[in-house]
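What follows is a single structure, written as structure tokens, with notes after it.
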Amino acid sequence: TSGEAPDHITLVDGPEDVANVKVRDESKVVWLSQTTLSVDETMETVDAIKAKFPNLLSPPSDDICYAT
């Protein structure tokens, strides 16, 4: 995804990175994650992003591909 839209993607590598995230339009913030990441660790980061951007959108739940 970041290769397709590098000017519109910000990689956040944990809750500590969220403070540095800047966006053009706070109403258009969506999170995506790599399927091989821990769900619990990912949700810690998502919670931090949501605290900064309350209108954060999540991917559709039927679009989840769980790691094997």
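Each residue of the sequence shown is one higher than the one before, starting from 2 at the first, in our numbering. Even for Gly, the Cβ is constructed at its ideal location relative to N, Cα and C. Model, not experiment: these values are computed from the prediction.
Residues that DSSP places opposite residue i in a beta bridge
| i | result |
| --- | --- |
| Leu58 | Val31 |
Between the CA atoms of residue j and residue i - distance to the nearest angstrom
| i | j | result |
| --- | --- | --- |
| Leu57 | Asp41 | 18 Å |
| Val19 | Asp26 | 16 Å |
| Trp32 | Pro60 | 7 Å |
| Ser34 | Pro7 | 16 Å |
Burial state of residue i (16 or more Cβ within 10 Å)
| i | result |
| --- | --- |
| Thr46 | buried |
| Ile50 | buried |
6 Å CB neighbourhood of residue i in its chain, flanking five on each side removed
| i | result |
| --- | --- |
| Lys53 | Val19 |
| Val30 | Val24, Phe54, Leu57 |
Under 7 Å between C-beta atoms of residue i and residue j
| i | j | result |
| --- | --- | --- |
| Thr37 | Val22 | no |
Close-in-space but distant-in-sequence residues of the same chain around residue i (CB under 8 Å, 5 per side omitted)
| i | result |
| --- | --- |
| Asp48 | Pro16 |
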